[in-house]
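Numbering (our numbering), first residue to last: 96 to 204.
Even glycine gets a Cβ: it sits at the ideal position worked out from N, Cα and C.
Only one structure is covered here, and it is reproduced in the block below.
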């Protein structure tokens, strides 16, 4: 017989730590064994599943700030999953535009 778990959204906190230039996410997932926590992060979102006893914690968050997912770190202690991800420089992939002068005398013709 397959296990039945109620899906529950965990209590979640997300904030930008401007002093350390990172985004911090905290999920309350008590009872979830560390080896069953599945968390995935992209520049603009996070997805979490974590089975625990008779519940399965599930969360999908759109992030208010873009992050560097390849540099994110996660820790789990006393039922609290904490993810810290450096904020992405919004101008990192910006393209510099060349500015050319306009001959204003020709605009009136």
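Thinking just about the alpha-carbon of each residue, which of the options is nearest to the one in residue i?
i, options, result
"residue 144", "104, 186 and 115", "104"
"residue 114", "159, 126, 169 and 181", "181"
"residue 134", "173, 110 and 179", "179"
Going by beta carbon distance, what residues of the same chain come within less than 7 Å of residue i, once the five residues before and after it are set aside?
i, result
"residue 149", "100 and 101"
"residue 117", "179, 180, 181 and 182"
"residue 201", "none"
Count the other C-beta atoms from every protein chain shown that fall within 10 angstroms of the C-beta of residue i, then say buried if there are 16 or more, exposed otherwise.
i, result
"residue 152", "buried"
"residue 141", "buried"
"residue 154", "buried"
"residue 166", "exposed"
Is the CB-CB distance between residue i and residue j below 8 Å?
i, j, result
"residue 161", "residue 139", "yes"
"residue 164", "residue 137", "yes"
"residue 175", "residue 123", "yes"
"residue 107", "residue 156", "yes"
Take residue i and list the residues in its own chain whose beta-carbon comes closer than 6 Å to its own, dropping the five residues that flank it on each side.
i, result
"residue 112", "119"
"residue 147", "126 and 127"
"residue 132", "145"
"residue 186", "none"
"residue 177", "121 and 170"
"residue 109", "120"
With DSSP as the reference, please indicate the residues paired to residue i in a beta bridge.
i, result
"residue 108", "121"
"residue 168", "179"
Is residue i near the ligand NAD, going by C-beta to nearest heavy atom under 7 Å?
i, result
"residue 200", "Of the ligands one can find in the structure shown there are none, so the ligand NAD has no counterpart to examine."
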